[in-house]
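Note sheet for the following structure.
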Amino acid sequence: MDINLRQAIHSNVSGNSAKELEETIIDAIESGEEKMLPGLGVLFEMYWKEANEQDKQEVLSQLEKAVQ
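Read the sequence shown against the numbering used here and you will find it ends at 119, with the numbers running on by one and no gaps.
This is the structure in structure tokens:
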């Protein structure tokens, strides 16, 4: 069985509102289940591909603070 995880996750969130995406992210974090991590990674990848350089630098700055 050949499953493309990125496509499956994209399909699952396609058309979701900001509120629905927020709920998905919060649920993934609060559940603490490692199986949710790939989905968060795909969401981040989707964001990163669409972000402008200023947005990327802001995210990187926030991540740098978070890992300190």
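C-beta: ideal position from N, C-alpha, C; glycine also.
Grab me the residues of residue i's own chain with a C-beta within less than 6 Å of its C-beta, minus the 5 sequence neighbours each way, in chain order.
i	result
V93	R57 and I60
M97	none
CB-CB under 8 Å to residue i, same chain, minus the five flanking residues each way: which ones, in chain order?
i	result
A102	V110
S65	none
Which one of the options has the shortest CA to CA distance from residue i?
i	options	result
L91	K107, E74 and Q105	E74
Can the beta-carbon of residue i be found closer than 8 Å to that of residue j?
i	j	result
W13	K86	No information on residue 13 is available, as it lies outside the stretch 52 to 119 that the chain covers here.
Could you give the uninterrupted runs of the alpha helix (DSSP H) lying entirely in the region 76 to 107, keeping only those of 4 residues or more? Listed in chain order, they are 88 to 101.
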